[in-house]
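>
Protein chains: 2
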Amino acid sequence: MLKRRNTTTKEAVLSVLTSKRRAMSQDAIMQQIGVNADRATIYRVLNRFCEDGLVHKIIAEDGKQYFAVCMKCDETKLADNHFHFRCTSCQTIECLPEAVHFSVPNGYNVESVNCVLTGVCPQCS
Amino acid sequence: MLKRRNTTTKEAVLSVLTSKRRAMSQDAIMQQIGVNADRATIYRVLNRFCEDGLVHKIIAEDGKQYFAVCMKCDETKLADNHFHFRCTSCQTIECLPEAVHFSVPNGYNVESVNCVLTGVCPQCS
DNA sequence: TTGTTATTGCAACATTGTTGCAATAGTTTA
DNA sequence: TAAACTATTGCAACAATGTTGCAATAACAA
Ligand SMILES: [Zn+2]
Ligand SMILES: [Zn+2]
Ligand SMILES: [Zn+2]
Ligand SMILES: [Zn+2]
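Here you go:
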């Protein structure tokens, strides 16, 4: 693994993700972030966070990538594989404290899980 | 709802989806299909099938849309909300006979469910 | 056969995400 | 502090996916 360096963009992205406590898309992050940064840079920062296990990526029903901080050492500890909820009204995604349970037929080797529930959140209804 | 008409493309698409018994993307369908059809036409046919409840759409971790026939009246009856398995080796998605169970906090109104497990299928491992 | 209109092909477009490359800047070492 | 090393960035170009407008076509009913 490469040695990471501290940069303004990197810190700003992580700051937004942490404070919002939501899974955000690149364009949402770009809007909320205080600093000027290129689209490609945001993606590269986010993917680096994923590699480092700092952030996890969710693919929503709109086909877009959303990124959320992994709150492993938080009081609201999340299971490794948890459900996500996407509100079609406020366009946000949040991690639900509900673990995904499943069983697969013999021979299937599951490497990753992507579960998204879509609807309207309490704030919007 | 509009009156549907029978067309070559429509029948060819449904035929491929039914025989393969897999969830397929537009480009996979285009390759397998016997007839010449425009990309846009395939999408329109597929979306019409979805509207009519003949087919359901899954968004995979690659961000692409996959379409599968709903086997409601089949011996291998599928639950309304079931898991899907995407093999990263053969690039196919299949409907698993495993229902998705979950509960959400009060106030959340779930309208649709999209659950995809990714890994390697028995044939490829 | 004729009229109605659902469907198609084509082109244009929007969006999302990635990559190559030179320039920049963070970090380490002297 | 100054120099060296290289991780990171901005920019442009690109690929892939999906949608839409519009005129032409073809399915179906009368
Ligand atoms: Zn909302
Ligand atoms: Zn999450
Ligand atoms: Zn496979
Ligand atoms: Zn299915």
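Chains as they are written, first to last, in this note's numbering: chain A, 335 to 459; chain B, 335 to 459. Every residue, glycine too, gets a C-beta built ideally from N, C-alpha and C.
Taking a cut of 7 Å between CB atoms, which residues from the region 436 to 451 of chain B lie near chain A?
The residues in question are Phe436, Ser437, Val438, Gly441, Tyr442, Asn443, Val444, Glu445, Ser446, Val447, Asn448, Cys449, Val450 and Leu451.
> Can you give the Cα-Cα distance for alanine 357/B and cysteine 429/B, rounded to whole angstroms?
Alanine 357/B and cysteine 429/B have their C-alpha atoms some 7 Å from each other.
> Would you list the residues sitting across from valine 369/A in a DSSP beta bridge?
According to DSSP, which records beta bridges pairwise, valine 369/A is partnered with nothing at all.
> What residue does the alpha helix (DSSP H) around serine 459/A start on, and which one ends it?
Neither: serine 459/A is in no alpha helix (DSSP H) and is coded neither H nor E.
> Touch check for the region 395 to 402 of chain B and the region 353 to 369 of chain B: three-plus C-beta pairs under 8 Å?
yes
> Name the one or two DSSP bridge partners that valine 434/B has.
Answer by DSSP bridge pairing: none, since valine 434/B is not bridged.
> What does the shell around ligand 3 hold, if a residue joins when its beta-carbon is under 7 Å from any heavy atom?
Cys421/B, Ser423/B, Cys424/B, Thr426/B, Val454/B, Cys455/B, Gln457/B and Cys458/B
> Please report the residue range of the alpha helix (DSSP H) in which alanine 346/A lies.
342 to 354
> Since alanine 357/B sits in a beta bridge, which residues does DSSP pair it with?
Ile427/B
> In three-state terms, what does DSSP make of leucine 380/B?
helix
> Which residues, in chain order, does the region 367 to 394 of chain A contribute to contact with chain B at a C-beta distance below 8 Å?
Ile393 and Ala394
> What is the rounded straight-line gap between the Cα of glutamate 395/A and the Cα of threonine 422/A?
Cα to Cα, glutamate 395/A sits roughly 10 Å from threonine 422/A.
> What span of residues does the beta strand (DSSP E) with arginine 339/B cover, start to end?
From DSSP, arginine 339/B is part of no beta strand (DSSP E); its letter is neither H nor E.
> Could you tell me the boundaries of the beta strand (DSSP E) in which tyrosine 400/A lies?
399 to 403
> Using the three-state DSSP reduction, which class does glutamate 445/B fall into: helix, strand or coil?
strand
> Could you tell me the alpha carbon to alpha carbon distance between alanine 371/B and cysteine 424/B, rounded to whole angstroms?
Alanine 371/B and cysteine 424/B have their alpha carbons spaced roughly 24 Å apart.
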